[in-house]
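Below is one structure; the comments refer to it alone.
Number of protein chains: 2
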Amino acid sequence: MNKVDLLKRRIDVAKGKIKAELVLKNCKIVNVFTHTITEGDIAIDSGMIVGIGNYDGEINKDVDGGFVAPGFIDSHMHFESAMVTPEQLASVVVPMGTTTIITDPHEIANVCGIEGIRFMMDSTKNLPLNILFMIPSCVPSSEFETSGARIEAEDISRLIDDNRVLGLGEMMDYPGLLDGNHDVLKKIDIASDKVIDGHSPEVSGKDLNAYLSVRIKTDHEASYLKEMEEKLSLGMYIAIREGSAARDLEVLLPAINNHNERRTTFCTDDKHPADILKEGHINYNLKKAVSLGLDPITAIRMATINAAECYNLKDLGAIAPGYAADIVVLEDLKDFKALQVYRKGILVAENGEFIYETRKPDTSSVGDTVHIREITTSDLEIKPGTQKIRVMRMHTGLLSTEMVIKNVNLDEEGRFSCKDNTGLLKIAVIERHGKNGNVGLGIIENLNLKGGAVGLTIAHDTHNLIVAGDNDEDMILVADRISQMKGGIAVASGGRIQKELALPVAGLMSNEPMEYVAKALDEISNYLYDEMNVPLGTDPLMTLSFIALPVIPEIKLTDMGLFDVNRMKFVGIGVEE
Amino acid sequence: MNKVDLLKRRIDVAKGKIKAELVLKNCKIVNVFTHTITEGDIAIDSGMIVGIGNYDGEINKDVDGGFVAPGFIDSHMHFESAMVTPEQLASVVVPMGTTTIITDPHEIANVCGIEGIRFMMDSTKNLPLNILFMIPSCVPSSEFETSGARIEAEDISRLIDDNRVLGLGEMMDYPGLLDGNHDVLKKIDIASDKVIDGHSPEVSGKDLNAYLSVRIKTDHEASYLKEMEEKLSLGMYIAIREGSAARDLEVLLPAINNHNERRTTFCTDDKHPADILKEGHINYNLKKAVSLGLDPITAIRMATINAAECYNLKDLGAIAPGYAADIVVLEDLKDFKALQVYRKGILVAENGEFIYETRKPDTSSVGDTVHIREITTSDLEIKPGTQKIRVMRMHTGLLSTEMVIKNVNLDEEGRFSCKDNTGLLKIAVIERHGKNGNVGLGIIENLNLKGGAVGLTIAHDTHNLIVAGDNDEDMILVADRISQMKGGIAVASGGRIQKELALPVAGLMSNEPMEYVAKALDEISNYLYDEMNVPLGTDPLMTLSFIALPVIPEIKLTDMGLFDVNRMKFVGIGVEE
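So, in structure tokens, the structure goes:
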């Protein structure tokens with residue numbers, strides 16, 4: 005049907021001259037414009053809501069007095085953190101009421117560059133989940149590690165005009181921006197007609213003014229009430245985050261009132277498989293916000309029309325004529341359990357079941373990304389030249405590390421060995437993009453793993469291969485196995501692989517369902533706790549995955565070596581006198 | 005300066021590393037995001053606000069605790085109604101705090117077509133008033149009159165992508181739209197990526213749903229509380245209008261609350277010179293709203309950020325870094341008197357004085373639009389064929405007319421003459437676009453003009469020449485004089501032109517200042533009241549200017565003849581038995 009005929013059809017349906025394809029009857033409609041609940045039918049045709057009132061459809065579906073809200077929008081998510089391919093993600097979050105995710109495919113971009121972004125865009129095209137993109141602005145995040153690819157200003161130019169690209173992803177390089185770095189500002193300029201997401205933890209005062217003077221629009225990093233209030237007052241939209249690690253809702257909720265609510269949205273940022281399966285997605289933000297006292301319609305506005313307005317999604321976020329029929333029918337406005345979910349008028353989930361057939365994506369362009377050279381014991385040899393060495397001390401629940409100076413035992417040839425140094429482990433960051441074969445080595449404390457090694461290809465932000473262990477043989481075994489699996493997680497002990505999870509999609513995502521991934525991760529963690537002495541309460545995989553990120557204090561390890569974050573320079577393991 | 009260097013400069017200014025061009029010190033800033041007043045300085049550089057806080061500038065201007073708000077936005081105005089060219093309009097409304105007008109150049113488009121729109125766009129380019137455009141959707145407004153031009157879908161295509169074009173102007177032809185008229189829907193489709201303004205007085209229920217199913221976004225025609233509430237609940241932005249004729253604020257204000265306020269804006273639609281000069285522009289909407297009890301910051305939001313959000317004007321409507329330095333300094337939040345007005349950081353008005361030098365526009369493309377053939381007494385001869393005739397009865401304060409049947413005296417040759425019929429006047433609508441030389445004739449009651457004739461080239465919507473009088477000689481004199489002036493208003497009595505106002509710009513606008521125009525109009529009205537018996541309290545010029553609009557009940561006169569609006573057909577003056 006041509007566009008004019010389609011408009012005419014919608015008019016005729018709205019007028020009641022012809023029947024709508026689908027009418028939801030007996031709805032309690034959450035009206036995000038008026039902040040009220042109104043009763044009535046919703047007429048849906050050709051993917052769009054065309055009428056609210058009293059309608060009759062080809063199909064009439066009685067929602068039995070259920071609350072009918074616009075589908076939920078996650079305003080900021082790196083969905084690689086869910087560790088599954090997009091159609092698997094959809095099958096889990098759509099039944100939870102999410103119909104739109106604004107994603108920054110930052111992780112895969114660090115591995116595969118523009119090819120990775122293209123994979124994400126292509127593989128999300130025909131899903132019953134509307135996935136929209138922010139082009140990563142900071143790939144790699146620093147010059148102190150080897151990434152698989154770079155995203156330059158020209159790459160952004162090439163992608164920015166795509167219909168599903170809403171703008172530039174979170175500008176993490178606020179120091180570079182505040183210094184007036186030319187490449188950073190070029191990227192900002194290219195995206196100036198679209199939305200630019202911010203990332204400015206604790207940036208305030210004149211620095212925050214400067215950050216905003218280039219028209220950065222949003223922030224999802226506010227963690228303190230005063231921080232949120234300052235950012236709101238200077239014009240930022242605040243995305244309130246409930247992810248796996250960062251959980252800001254409880255702290256930030258008191259900042260929201262009827263006057264500023266319109267400038268707030270919900271996001272998850274990074275949420276891992278088990279947490280999504282256990283808690284939920286944006287429905288969890290809603291449930292938690294309401295349990296903490298937020299008005300439920302206000303909460304729904306944050307999850308719908310506010311995000312739509314922020315990102316100029318003019319046909320999303322409301323139950324009204326002319327809006328896409330992205331609809332969630334809720335049992336109540338307390339638990340936000342989705343009874344039915346519609347995407348463009350098609351019932352895609354019911355009672356928690358995903359009922360839309362999706363295809364596995366073609367992952368060939370991002371399926372062969374682990375290219376490491378053969379690792380031998382000599383690659384793992386640590387000869388600090390002195391017994392006084394720098395150790396990376398990890399702390400439960402923190403992504404930062406502490407740099408401590410220790411005296412260690414070395415063998416007659418001056419080599420460090422774990423068996424001579426109880427409580428310390430070797431850690432290696434092995435360049436895995438086939439660029440230079442770098443191996444960075446370090447020594448960590450507090451993981452307390454015994455009798456083996458663990459490794460993974462999720463290592464923010466460049467996702468090299470990290471392996472930690474108390475003996476070289478198991479470390480090499482882990483590296484080899486992960487290489488064979490083309491990415492993933494492996495645990496070796498006593499010369500055998502004990503647990504593993506293949507993540508062959510860019511070394512970040514599985515081809516299996518999210519339940520499978522969550523179970524495998526659970527088994528790996530339990531094996532580390534039960535059989536290898538790792539203390540309960542730590543999250544060894546998450547902790548390791550942040551050990552290579554050279555923008556978090558205090559000492560980090562990249563494939564290029566040990567990095568003193570405070571001094572912004574590489575340092576040796578041995579402390580020079 | 006290239007764009008990246010400009011961004012860098014703004015960052016450095018915001019950081020306080022280099023001085024801002026201008027700093028407003030000691031401000032009470034109206035924060036439209038948080039709905040609060042905050043104290044501080046505003047740093048302005050290269051036309052933009054770059055910092056809020058404590059700043060030092062090349063120039064520091066102490067605003068002495070004045071309230072500093074974003075410049076006001078008129079969300080819908082046909083500024084031909086102000087009867088002056090754009091630079092004259094700017095010189096009056098900018099000192100009142102208006103910095104942006106969203107205009108639909110509907111009147112000039114009816115006369116000059118796309119040339120008229122281009123004139124408006126060109127002549128507003130370098131003003132210290134940001135004039136943005138909606139392309140007229142309904143030119144001509146009906147097929148029952150001769151317009152100077154038509155705006156077809158292809159014309160809209162040609163203009164829609166211009167940066168200053170925000171979308172499609174008010175869709176007045178809601179009957180056509182609801183009927184699925186192909187041309188109407190084609191225009192809608194062309195504008196579908198931009199904003200489409202509505203015009204749907206009293207449209208409700210399924211018709212309103214149908215109207216909105218094509219994504220019409222705004223309405224400025226709500227006149228009743230229930231009407232506004234229904235429109236808001238279905239997703240329309242409501243522009244609350246205070247114009248010369250339509251004054252909706254007092255009725256609609258009770259519908260506004262903290263939850264729906266974000267979906268409301270202010271507009272004037274049509275406001276005449278004397279009213280603008282006497283009352284003000286958007287500052288008057290603000291003042292009146294607050295006097296009626298609206299919270300002043302809410303009122304300012306309506307006049308600023310709400311309109312900016314509605315029309316996707318991402319750098320307007322707030323005092324915050326990254327926003328255009330369109331700023332008004334107010335004495336208080338009660339009378340909203342503008343002490344200073346800045347446009348892009350330049351002081352353009354102070355204490356009510358316009359202090360920006362503008363140039364007269366080149367009006368040559370729209371300066372020769374009155375092309376009437378020579379009018380003789382035979383053109384004005386009315387021979388109804390029967391004494392029982394249709395008379396257009398006018399009522400004070402109404403744009404609608406009443407159709408009454410009267411028995412009249414005719415001379416021996418069957419001709420109607422005013423001197424034989426006290427209280428009745430002849431009226432002629434003379435096609436003035438040089439298209440066909442049509443003269444439509446009718447008889448009106450209640451204008452009560454004696455001893456002469458009055459005429460004008462403002463006649464909604466096609467702006468033909470209307471002349472009413474009690475004798476043919478003065479009517480012809482008026483027509484001739486207006487033709488000589490290339491448009492305008494003239495009054496003749498006793499065979500002499502007594503009063504006149506030239507409106508040579510499309511026959512709608514003067515080249516003189518607004519004060520001159522207002523004074524001339526006042527003198528014309530007073531002459532009609534004092535010397536020609538027109539009853540005080542009527543507005544004869546306004547009433548005549550709507551007598552040709554064949555979409556307002558009950559009987560109208562176009563150049564094609566007498567039109568029965570209720571039956572949507574032309575009728576004779578004489579009533580057939």
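Residue numbers (this note's numbering), protein chains in the order written: chain A, 5 to 581; chain B, 5 to 581.
By construction, the Cβ of each residue, glycine as well, lies at the ideal position given by its N, Cα and C atoms.
Requested in this report: Give the DSSP-derived three-state secondary structure of B/Asn310 in the structure shown.
Outcome: It is helical.
Query raised in the report: Residues of chain B with CB under 7 Å from A/Thr42, in chain order?
Result: Those are Ser237, listed as they occur along chain B.
Report task. Identify whether B/Gly57 lies in helix, strand or coil by the three-state DSSP scheme. Result -> Under the three-state reduction of DSSP, B/Gly57 is assigned to strand.
Query raised in the report: Quick one: is B/Pro388 buried, meaning 16 or more other Cβ sit within 10 Å of its Cβ, or exposed?
Result: Buried, because 16 or more other Cβ atoms sit within 10 Å of the Cβ of B/Pro388.
Requested in this report: Label B/Val521 either buried or exposed according to how many other C-beta atoms from any shown protein chain fall within 10 Å of its C-beta, with 16 as the threshold for buried.
Outcome: By the neighbour-count rule (16 or more Cβ atoms within 10 Å), B/Val521 is buried.
Requested in this report: Taking only beta carbons into account, state which residues of the stretch 67–96 of chain B come closer than 9 Å to chain A, listed in chain order.
Outcome: Contacts with chain A (Cβ-Cβ distance below 9 Å) from the stretch 67–96 of chain B involve no residue at all.
Report task. Using a Cβ-Cβ cut-off of 8 Å, state whether B/His186 counts as contacting chain A. Result -> Judged by the 8 Å Cβ criterion, B/His186 is in contact with chain A.
Query raised in the report: Looking at the unbroken alpha helix (DSSP H) that takes in B/Val288, where does it start and where does it end?
Result: First, the residue type needs correcting, since residue 288 of chain B is Tyr and not Val in the sequence shown. Where B/Tyr288 is concerned, the enclosing alpha helix (DSSP H) stretches over 286–295.
Query raised in the report: Taking a cut of 7 Å between CB atoms, which residues from the stretch 256–282 of chain A lie near chain B?
Result: So the close ones are Asn262, His263, Asn264, Arg266, Arg267.
Query - Helix, strand or coil at A/Lys275 [DSSP, three-state] - result: The answer is coil: DSSP assigns A/Lys275 none of H, G, I, E or B.
**Report entry** Beta-carbon separation (whole angstroms), B/Ala18 vs A/Ser217, contact threshold 8 Å
**Finding:** That pair is a contact at about 4 Å.
**Report entry** Beta-carbon contacts of B/Asn240 that lie in its chain and below 8 Å, excluding the five residues immediately before and after
**Finding:** Sequence check: residue 240 of chain B is Met here, not Asn. Beyond the five residues adjoining it in sequence on each side, B/Met240 comes within less than 8 Å, by CB distance, of Gly202, Leu216, Ile220, Lys221, Thr222, Asp223, Arg267 in the same chain, given in chain order.
Query raised in the report: From A/Arg421 to A/Leu384, what does the alpha carbon distance come to, in whole angstroms?
Result: The sequence given here has Ser at residue 421 of chain A, not Arg. About 10 Å.
Requested in this report: Return the CA-CA distance between A/Pro205 and A/Glu225, expressed in angstroms with no decimal places.
Outcome: One C-alpha to the other measures close to 5 Å.
Query raised in the report: Of all the CB atoms in chain A, is at least one closer than 8 Å to the CB of B/Arg14?
Result: Yes, its Cβ sits closer than 8 Å to a Cβ of chain A.
Query raised in the report: Quick one: any contact between the stretch 430–440 of chain B and the stretch 357–376 of chain B, if contact means 3 or more CB pairs under 8 Å?
Result: With a cut-off of 8 Å, the stretch 357–376 of chain B and the stretch 430–440 of chain B count as touching, because enough Cβ pairs lie within range.
Query raised in the report: Taking the C-alpha atoms as reference points, what is the distance between B/Glu231 and B/Thr362?
Result: Rounded to whole angstroms, B/Glu231 and B/Thr362 show a C-alpha spacing of 42 Å.
Report task. Just the C-alpha distance for B/Ile46 and A/Gln391, rounded to the nearest angstrom, thanks. Result -> Within the model, the alpha-carbon separation for B/Ile46 versus A/Gln391 is close to 58 Å.
**Report entry** Beta-carbon spacing of A/Lys291, A/Phe358 below 8 Å
**Finding:** No.
Query raised in the report: Quick one, are the C-beta atoms of B/Ile280 and B/Val509 less than 8 Å apart?
Result: Contact flag unset, no.
Query raised in the report: So A/Ala506 packs on A/Pro277, CB below 8 Å; how close in whole Å?
Result: Contact flag wrong, Cβ pair sits at about 14 Å.
Query raised in the report: Taking DSSP as the reference, what is the three-state secondary structure of A/Arg154?
Result: Coil at A/Arg154, not helix or strand.
Report task. Identify which residue in A/Glu147, A/Val471, A/Ile286, A/Met518 has its Cα closest to the Cα of A/Ala303. Result -> Among A/Glu147, A/Val471, A/Ile286, A/Met518, the Cα nearest to that of A/Ala303 is on A/Ile286.
**Report entry** CB contact flag (B/Leu525, B/Tyr533, <8 Å)
**Finding:** No. Outside cutoff.
Query raised in the report: Any beta-carbon of chain B closer than 8 Å to the one on A/Leu337?
Result: No - not a single Cβ of chain B is within 8 Å of the one on A/Leu337.
**Report entry** Euclidean distance between Cα positions of A/Glu504 and A/Gly349
**Finding:** A/Glu504 and A/Gly349: Cα-Cα distance of roughly 41 Å.
Query raised in the report: From A/His186 to A/Ser208, what distance separates their C-alpha atoms?
Result: About 22 Å.
**Report entry** Backbone secondary structure at A/Met407 - three-state DSSP
**Finding:** In the structure shown, A/Met407 sits in a strand (DSSP, three-state: E or B).
Query raised in the report: If contact means a Cβ-Cβ distance below 9 Å, which residues of the stretch 208–240 of chain A contact chain B?
Result: For the stretch 208–240 of chain A, the residues whose beta carbon sits under 9 Å from a beta carbon of chain B are, in order, Gly209, Lys210, Asp211, Leu212, Asn213, Ala214, Tyr215, Leu216, Ser217, Val218, Arg219, Ile220, Lys221, Glu233, Leu236, Ser237, Leu238, Gly239, Met240.
Query raised in the report: In terms of DSSP beta bridges, what is B/Gly20 paired with?
Result: Under DSSP, B/Gly20 takes part in no beta bridge, so it has no partner.
Query - B/Thr380 versus B/Ala324, B/Asp484, B/Leu337, B/Ile323, residue with shortest Cα-Cα distance - result: Relative to B/Thr380, the option among B/Ala324, B/Asp484, B/Leu337, B/Ile323 whose CA is nearest is B/Asp484.
Query raised in the report: With 16 as the cutoff for other CB atoms within 10 Å, does A/His80 come out buried or exposed?
Result: Burial call: buried.
Requested in this report: Kindly confirm or deny that the stretch 71–80 of chain B and the stretch 333–347 of chain B touch, where touching means at least three C-beta pairs closer than 8 Å.
Outcome: Output reads yes: the stretch 333–347 of chain B touches the stretch 71–80 of chain B.
Requested in this report: Kindly say whether B/Phe37, judged by its beta-carbon, lies nearer than 8 Å to any beta-carbon of chain A.
Outcome: Chain A, which has a Cβ nearer than 8 Å to the Cβ of B/Phe37, makes this yes.
Requested in this report: Take A/Asn310 and list the residues in its own chain whose beta-carbon comes closer than 7 Å to its own, dropping the five residues that flank it on each side.
Outcome: Excluding sequence positions up to five before and after A/Asn310, its CB lies within less than 7 Å of the CB of Arg266, Thr268, Thr269, all in the same chain and listed in chain order.
Query raised in the report: Helix, strand or coil: which one does DSSP assign to A/Met5?
Result: DSSP, read as helix, strand or coil, puts A/Met5 in coil.
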